[in-house]
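Protein chains in written order, with this note's numbering: chain P, 1 to 190; chain F, 1 to 190.
Built from N, CA and C at the ideal position, the CB exists for glycine as well.
Have a look at the structure below, then the notes.
2 protein chains.
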Amino acid sequence: MERLKQRILADGKIGEGDVLKVDSFLNHQIDVAFLCEIGKEFYKRFQGIHVDKILTIEASGIGVAAITAQYFEVPVVFAKKTKTNNIYSDVYTSQVYSYTHQRSYDIVVSKEFLHPGENVLIIDDFLAKGSALRALMKLIDSAGAHTVGAGIVIEKTYQGAGIDLRNEGLKVESLARIAKLSVKDGIEFL
Amino acid sequence: MERLKQRILADGKIGEGDVLKVDSFLNHQIDVAFLCEIGKEFYKRFQGIHVDKILTIEASGIGVAAITAQYFEVPVVFAKKTKTNNIYSDVYTSQVYSYTHQRSYDIVVSKEFLHPGENVLIIDDFLAKGSALRALMKLIDSAGAHTVGAGIVIEKTYQGAGIDLRNEGLKVESLARIAKLSVKDGIEFL
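What follows is the structure, given as structure tokens:
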């Protein structure tokens with residue numbers, strides 16, 4: 001998605017450890033009008049695939065998932081990062097390893113909101129090493145539902161997970177694919 | 001907002017400690033089409049007031065804030081619950097006491113995303129004792145910006161904060177106002 005690449009080049013910042021920050025439009029401040037363009041692009045890329053529900057993970061996936069869901073006309077469910085006493089009934093659980101925070105945490109979805117046979121599309125802001133995406137797929141699998149694909153705003157292809165997942169048969173649609181990233185040399189798209 | 005009241009009566013659940021759960025459409029599963037109605041209603045209620053930006057708090061405020069922002073045609077900023085290494089520059093900080101989790105936590109907003117003189121509308125899912133709302137107001141105040149009002153999906157009026165804040169001069173628009181709530185007697189709207 002050309003406009004997204006331009007936006008990343010214009011507004012993205014590369015931080016220590018060669019981390020890409022897109023806080024100004026995607027995951028701290030949200031440019032909602034721009035997210036609408038992103039949502040429409042996801043809709044286009046998954047056209048012809050029946051989607052019952054969109055699944056994402058709190059917190060930074062929620063904005064893009066909610067805006068995108070308008071075009072699919074389906075509800076969003078977001079996985080929560082810890083089991084809080086705000087969840088009634090039983091939950092599906094899986095584990096994510098966060099390389100940013102260097103620790104593991106559980107994510108949960110109430111069994112009320114994922115059902116056997118449902119076609120679930122995962123939407124998330126980033127795909128790097130794939131830990132969050134695989135954890136979401138596990139929740140869907142636990143429910144007896146089906147992951148029909150993953151719509152990712154920014155994929156870091158050099159971290160390999162997107163390639164592995166495509167080889168395993170998952171339809172992964174990433175709107176910007178970054179092949180190289182460093183403070184020294186900047187951003188190179190695939 | 002009559003449709004919201006009906007939805008709360010139909011789908012809300014009252015849990016232990018007389019807590020209202022609206023996980024099925026507002027803060028775990030999100031009924032995006034219904035949130036669009038909510039967003040339009042907020043827009044109507046704050047018509048004539050200049051809004052530069054919408055501020056909310058992760059995680060459950062993000063969905064309603066992002067959808068609402070489409071009608072105001074402004075960006076959303078969401079306060080983050082801890083200082084992570086995903087935030088570059090300096091941040092504004094304030095403290096929230098969570099009665100649900102019985103602990104305090106810090107919320108932060110990067111100084112990049114709140115500016116002196118901006119008119120900021122707060123959007124959140126719940127208003128009970130007002131700790132989160134006052135913490136968001138403090139962030140806005142720290143930036144030298146102006147809180148033009150608060151749009152709340154569900155206010156528990158019996159917990160008093162909404163009344164206090166209105167007495168202090170804040171324009172608080174709550175789409176459903178709950179006067180009484182108990183497992184025994186159910187829900188009574190104001």
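Taking the alpha-carbon of P:Ala176 as reference, which of P:Gly151, P:Phe72, P:Tyr71 and P:Leu165 has the nearest alpha-carbon? P:Gly151
Anything in chain P within Cβ reach of F:Pro75, meaning under 7 Å, just list it in chain order. Gln29, Ile30, Asp31 and Val32
So which residues on chain F does P:Ser110 lean against when the C-beta distance must stay under 7 Å? Asp23 and His28
Can you grab the Cα-Cα spacing for the pair F:Ala66 / F:Glu73, in whole Å? 10 Å
Which residue's Cα is closest to the Cα of P:Arg7: P:Asp23, P:Ile57 and P:Val51? P:Asp23
In angstroms, rounded to a whole number, what distance separates the CA positions of P:Val153 and F:Met1? 35 Å
Say whether the stretch 93-102 of chain P touches the stretch 116-126 of chain P, bearing in mind that this needs 3 or more beta-carbon pairs closer than 8 Å, one atom from each stretch. no
Between the stretch 29-42 of chain P and the stretch 104-111 of chain P, do three or more beta carbon pairs fall short of 8 Å? no
Could you check whether F:Glu112 and F:Ala79 sit closer than 8 Å to each other, using their CB atoms as the reference points? no
How long is the line joining the alpha carbons of P:Ile87 and F:Phe25, rounded to whole angstroms? Caution applies to P:Ile87, whose pLDDT of 49 falls short of 50 and renders its modelled position unreliable; the value that the coordinates give is listed next. Going by the C-alpha atoms only, they are around 13 Å apart.
Under a three-way DSSP split, which group does P:Gly61 fall into? helix
Measure the C-alpha to C-alpha separation of P:Val77 and P:Lys184 and round it to an integer number of angstroms. 39 Å
Chain-order list of residues whose beta-carbon lies under 8 Å from that of P:Asn85 (same chain, five-residue window excluded): With a pLDDT of 49 at P:Asn85, under the threshold of 50, the modelled position of this residue cannot be trusted, and the question is left open.
Which residues, taken in chain order from the stretch 59-71 of chain P, show a beta carbon closer than 7 Å to some beta carbon of chain F? Ala59, Ile62, Gly63, Ala66, Ile67, Ala69 and Gln70
Compute the beta-carbon to beta-carbon distance between F:Leu114 and F:Leu136, rounded to the nearest angstrom, for a pair I have assumed lies under 8 Å. Rounded, the Cβ-Cβ distance is 10 Å, inconsistent with contact.
Less than 8 Å between CB atoms is the rule here; does F:Lys129 satisfy it with respect to chain P? no
Pick from P:Ser182, P:Glu188, P:Ala10 and P:Lys129: whose alpha carbon is nearest that of P:Leu165? P:Lys129
What whole-angstrom Cβ distance do P:Ser60 and P:Leu127 have, given they're in contact under 8 Å? About 13 Å separates the two Cβ atoms, so there is no contact after all.
Could you tell me the alpha carbon to alpha carbon distance between P:Leu9 and P:Glu188, rounded to whole angstroms? 9 Å
Could you have a look at P:Ile49 and say whether DSSP puts it in helix, strand or coil? coil
Please work out which residues of its chain come closer than 8 Å, Cβ to Cβ, to F:Tyr158, disregarding the five sequence neighbours upstream and downstream, and give them in chain order. Ile178, Ala179, Lys180 and Leu181
Roughly how many angstroms separate the alpha carbons of F:Pro75 and P:Gln102, rounded to a whole number? 31 Å
Considering Cα atoms alone, identify which of F:Ala69, F:Gly117 and F:Lys53 is closest to F:Ser142. F:Gly117
Give me the chain F residues within the contact set of P:Lys138, using Cβ-Cβ distance strictly less than 7 Å, ordered along the chain. In chain order: nothing, as chain F lies at least about 18 Å away.
Can you list, in chain order, the residues of its chain with a C-beta nearer than 6 Å to that of F:Arg45? Leave out the 5 residues immediately preceding and following it. Glu173
Neighbour-count burial assignment, P:Gln70, 16 or more Cβ in a 10 Å radius: buried
Answer yes or no: does any C-beta atom of chain P fall closer than 8 Å to that of F:Phe113? yes
Pull up the DSSP beta-bridge partners for F:Tyr92, would you. F:Val109
Output needed for F:Asp18: all residues of its chain with C-beta closer than 8 Å, excluding positions within five of it in sequence on either side, in chain order. Leu181, Ser182 and Val183
Buried versus exposed call for P:Ile49 [16 or more other C-beta atoms within 10 Å across all chains shown]: exposed
Cβ-based burial, F:Thr100 [other Cβ within 10 Å; buried from 16]: exposed
F:Gly203 (DSSP reduced to helix, strand or coil): What the structure shows of chain F is the stretch from 1 to 190, and residue 203 of chain F is not part of that stretch, so it cannot be assessed.
Using the beta-carbon of each residue, which ones in chain F are nearer than 7 Å to P:Lys156? Those within 7 Å of P:Lys156 in chain F number zero; the least Cβ separation is about 15 Å.
In angstroms with no decimal places, state the Cα-to-Cα distance between P:Lys171 and P:His146. 12 Å
With a CB to CB cut of under 6 Å and the five nearest residues on each side skipped, what residues in its chain are close to P:Asn27? Ser60 and Asp125
Is there at least one Cβ from chain P nearer than 8 Å to F:Phe126's Cβ? no
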